[in-house]
């Protein structure tokens, strides 16, 4: 296991086992604190018949469940790769985030139902100095928990810990809304406790949707950090015998589990064994410098092939500007019974035209300047 630390923008590649142990410790502390807060709030809320305080306590109780889910996911994420999961188990954190989001959403719906019932009934509630003390301590504890979760989430790049930090900050706002509602109920004849509970429910519901959206996006596969892509590209280009690189794709299988593929352009005149050795060294350098496990594909470039260079220049001129930010690469002439021009064009993901339309437009432009059979591959990049 690598012991060195390499920083790339916001990415810090560290000893993951040590960070995971700290994350587990943070989760255990969070469960204990949430359990204490839940007990205090539920007891005080029942004594003073305050639905918003009881609901706030039940929210902390649900946070205990979320903490247990988080703890279990971290234990699963620590498991090494196996036959069924060759890329490891770190995506378990994304599943945990979705479960936490679902738990928060269920609580928000139930809280909204109870609050609406209290608003309709018009029940008035009274506060007490001890009630404010309990709720004030709760806000302070939750703010500390948010800072604790947030700091560890940044070190570990953990989405589930970020969700827990967001949940704690939302709890601070929710408890503050409860305090305001109780205070208003003491000085005005309004069922402010019910309205405060409804406001808390809406706030928590919005939080759950944010957690679910982020976790779902990660499970689908989000784009890697631009700084990481730039750094990987930089390391590849610095490799021995590398003339260029394209089609770099980085895949994420957890907070610090990255795999990548890239087409590495090399001199076609070099012996295959030399090129193979150079690419092997590039792969090792990328993993050493960035933590990304790279598989490089050799793309030989024939600088001495005048016919190929001349045709590539003409075709590039013909298709340049056809679509915004379109790039032509990996051009080669394949000679056999019939000569073929083979190349790829890359277009941005936000290009609205379909790939088939782009391919046909490029082929039409090429046909004007040459009758050589042409094979075009359209890639989104």
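Numbering (this note's numbering), first residue to last: 4 to 384. No residue lacks a Cβ here, since even glycine has one placed at the ideal position from N, Cα and C. In this text, all values refer to a predicted model and were calculated from it rather than measured experimentally.
Partner residues in the beta bridge of residue 261, as assigned by DSSP, are 255 and 295. Exposure of residue 370 is indicated by the presence of fewer than 16 other C-beta atoms within 10 angstroms of its C-beta. Just measuring C-alpha positions, the residue of 170, 284, 347 and 295 sitting nearest residue 377 is 347. Residue environment for residue 333: buried (at least 16 other C-beta atoms within 10 angstroms of its C-beta). Per DSSP, reduced to three states, the secondary structure at residue 278 is helical. Listed in chain order, the non-local C-beta contacts of residue 175 below 6 Å within the same chain comprise 142, 145 and 146, local neighbours out to five positions each way being set aside. Separation of residue 75 and residue 28 (C-alpha to C-alpha, rounded to the nearest whole angstrom) is 12 Å. Spanning the alpha carbons of residue 382 and residue 331 requires a straight line of approximately 10 Å.
A residue is called buried when at least 16 other Cβ atoms come within 10 angstroms of its Cβ; residue 94 meets this threshold and is buried. Bounds of any beta strand (DSSP E) do not take in residue 226, whose DSSP letter is neither H nor E.
Excluding residues up to 5 positions away in sequence, nothing lies with its Cβ nearer than 6 Å to the Cβ of residue 217 in the same chain. C-alpha of residue 64 to C-alpha of residue 221: approximately 27 Å in a straight line.
When DSSP reads this structure, residue 302 sits in a beta bridge with 268. Counting C-beta pairs with one atom in each stretch, the segment 205 to 214 and the segment 236 to 255 have fewer than three that are closer than 8 Å, which means they do not touch. Under the three-state reduction of DSSP, residue 335 is assigned to strand.
Straight across, the Cα-Cα distance linking residue 312 with residue 277 is about 24 Å. Counting of Cβ neighbours within 10 angstroms places residue 190 among the exposed residues, the total staying below 16.
Ranked by how close their Cα comes to the Cα of residue 107, the residues 30, 166 and 324 have 166 in first place. With a 10 Å radius around the Cβ and a threshold of 16 neighbouring Cβ atoms, residue 359 comes out exposed. Within the same chain, and ignoring the five residues on either side of residue 384 in sequence, the residues whose Cβ sits closer than 6 Å to its Cβ are 349. Distance from residue 231 to residue 298 at the Cβ level is roughly 16 Å; contact not present, criterion being Cβ atoms closer than 8 Å. Residue range 132 to 159 is occupied by the alpha helix (DSSP H) that includes residue 147.
Taking the Cβ atoms as the reference, residue 47 lies roughly 13 Å from residue 61, outside the contact range of under 8 Å. Apart from sequence neighbours up to five positions away, the residues of its chain that approach residue 239 with a beta-carbon distance below 7 Å are 245, 248, 265, 267, 285 and 289, ordered along the chain. Beta-bridge partners of residue 344 (DSSP): 336 and 377. Between residue 34 and residue 71, the CB-CB gap stays under 8 Å. In the structure shown, residue 197 adopts helical secondary structure according to DSSP, grouped into three states.
It is roughly 8 Å from the alpha-carbon of residue 335 to the alpha-carbon of residue 304. In the structure shown, the three-state DSSP call for residue 250 is strand. Straight through space, the alpha carbons of residue 45 and residue 354 are spaced by roughly 54 Å.
For residue 184, the enclosing alpha helix (DSSP H) begins and ends at 162 to 190.
DSSP, read as helix, strand or coil, puts residue 382 in strand. For residue 233, the number of other beta carbons within 10 angstroms of its own is below 16, and it is reported as exposed.
The segment 33 to 89 contains, as complete alpha helix (DSSP H) runs of 4+ residues, the segments 54 to 80 (chain order). At the C-beta level, residue 138 and residue 152 stay beyond 8 Å of one another. Counting the other CB atoms within 10 Å of its CB gives residue 365 a total of 16 or more, which places it among the buried residues.
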